[in-house]
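Only one structure is covered here, and it is reproduced in the block below.
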Amino acid sequence: MRRLVGIDEAGRGALAGPVVAAAVIFPTAGNHPRIKDSKQMRPKDRWDQARLIRESAPAWSIAMASVEEIDQLNIHHASLLAMKRAVELLGILPDFALVDGKYYPKIRVPGEALIKGDSLIAEISAASILAKTARDALMIKLESRYPGYGLAQHKGYPTKLHLAGLLKIGVSPCHRRSYRPIARMMEQPVMAMLGSIG
Numbered sequence: 001m002r003r004l005v006g007i008d009e010a011g012r013g014a015l016a017g018p019v020v021a022a023a024v025i026f027p028t029a030g031n032h033p034r035i036k037d038s039k040q041m042r043p044k045d046r047w048d049q050a051r052l053i054r055e056s057a058p059a060w061s062i063a064m065a066s067v068e069e070i071d072q073l074n075i076h077h078a079s080l081l082a083m084k085r086a087v088e089l090l091g092i093l094p095d096f097a098l099v100d101g102k103y104y105p106k107i108r109v110p111g112e113a114l115i116k117g118d119s120l121i122a123e124i125s126a127a128s129i130l131a132k133t134a135r136d137a138l139m140i141k142l143e144s145r146y147p148g149y150g151l152a153q154h155k156g157y158p159t160k161l162h163l164a165g166l167l168k169i170g171v172s173p174c175h176r177r178s179y180r181p182i183a184r185m186m187e188q189p190v191m192a193m194l195g196s197i198g
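Laid out in structure tokens, this is it:
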């Protein structure tokens, strides 16, 4: 029986923190926990499912692309890079890969991208859960390093709390400078200085 790996990422739309990808192989088709897309789950259920996946999957991995790589490559290419790293960390070479979304990463495994795959394929759903919980845990840790933004609550996404923190404190090293809201915020002090000179 061929080994199928599901791949997904978390954090594309966030203003802060890395993008995280996960890859999951289950023992056999149908022999895995009953799971669904991580976005459709309550946080506690998601953490419980992540533990179950890690215990039952013969191979799984989590990888990321840093804020610096996101700013250098753009979020699209950084997401594909994180996926590629996740597959390389598996320790098992899959026979076929299914990736959530429209684009397939440059990996040495045949496969295809599947739109809404995280709600259709168990392996992709599992990867979605692992990527989401791993990234959430990382953002909670970043809260202690960069307090005042509410990172533990919104995980870096553009909420009112996050934007209020940015306006009050400014941009931190964990923010994605290539993202328009952050870039605009960094330009404002410069524009104010230029205005005062004129």
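Quick note on this note's numbering: the sequence shown kicks off at 1 and runs consecutively.
In this text, a Cβ means the ideal position worked out from N, Cα and C, and glycines have one as well.
Owing to the predicted nature of the structure, the values given are computational and were not obtained by experimental measurement.
Here L161 has G150, Q153 and H154 as same chain residues with Cβ atoms under 7 angstroms from its own Cβ, once five neighbours each way along the sequence are excluded. Q72 has its alpha-carbon roughly 24 angstroms from the corresponding atom of L167. Beyond the five residues adjoining it in sequence on each side, L81 comes within less than 8 angstroms, by CB distance, of A65, E69, L73 and P105 in the same chain, given in chain order. The C-alpha of L114 lies about 6 angstroms from the C-alpha of V99. Close CB contacts of V109 within its chain, under the 8 angstroms cut and outside five residues either way in sequence, are with V5, V87, L93, P94, D95, F96 and A97 (chain order). In the structure shown, D8 falls within a strand segment according to DSSP collapsed to helix, strand and coil. Y146 has its alpha-carbon roughly 26 angstroms from the corresponding atom of H76.
Between F26 and E123, the C-beta spacing is below 7 angstroms. By the 16-neighbour rule on beta-carbons within 10 angstroms, P18 is buried.
If you draw a straight line from the Cα of L15 to the Cα of R2, it comes to about 38 angstroms. Annotation for V24: the continuous beta strand (DSSP E) segment containing it runs V19 to I25. Contact check for R12 and S61: beta-carbon distance about 19 angstroms, past the 8 angstroms limit, so the pair fails to qualify. Take G91, set aside five residues on each side of it, and the residues of its chain with a beta-carbon closer than 8 angstroms to its own are A59 and S61, in chain order.
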